[in-house]
Amino acid sequence: MNDKRYLYNLGIILSGIIAFIFYVIVGVNFIMPYDEEFEITLFTIAFQGIGYLIMIVIANLFYSLGVTEDLNNNKENTDNFRKNLFNLGFWFSVSLPFLAPLWLLVSYFLEFY
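Residues 1 to 113 in UniProt numbering are what the sequence shown spells out, letter by letter.
Okay, here's the thing in structure tokens:
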């Protein structure tokens, strides 16, 4: 069980770092040339990092809800159900950070393109 939580947290941390790199790439290449107010500073990086740590705590609370889901809905007590539940939660959680750069890219096309 602890190995799964470690893998879950590692995935969330890595996806957050990669998503932030994509956010910077999109921001610098697409938004900055058109919007003078868009900036990435040490303060914004720290602010986003603290916000992301809070989101990791919330994600871990949802991870813990998986145990309740398993107890309530895994009537046959199968490992296959647990694997599917973990995979669904894991891939959903690691994909969420990529909404920020995606939204930034969409806003570029809506406002400047």
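For glycine and all other residues, C-beta sits at the position ideal for the given N, C-alpha and C.
Ends of the alpha helix (DSSP H) at Y63?
-> L42 to N73
Who are the Cβ neighbours of G16 in its own chain at under 7 Å, not counting the five residues just before and after it?
-> Y52 and P97
contact_flag[the segment 20-29, the segment 38-53] where n(CB pairs < 8 Å) is 3 or more = yes
Unbroken alpha helix (DSSP H) run spanning N80, endpoints = D79 to S95
Starting from the Cα of Y8, find the closest Cα among L71, I18 and V94 and give me that residue.
-> V94
Coil, strand or helix - F98 by DSSP | helix
Residue from L65, N77, N74 and I50 with nearest C-alpha to G89 = L65
Return the first residue and the last residue of the alpha helix (DSSP H) that F20 is part of.
-> N2 to V26
Per-residue DSSP class, three states only, for E111 | helix
Rounded to whole angstroms, what's the CA-CA distance from I50 to R82? Just pull it up for me.
-> 31 Å
If you run the structure through DSSP and keep just helix, strand and coil, what is F38?
-> coil
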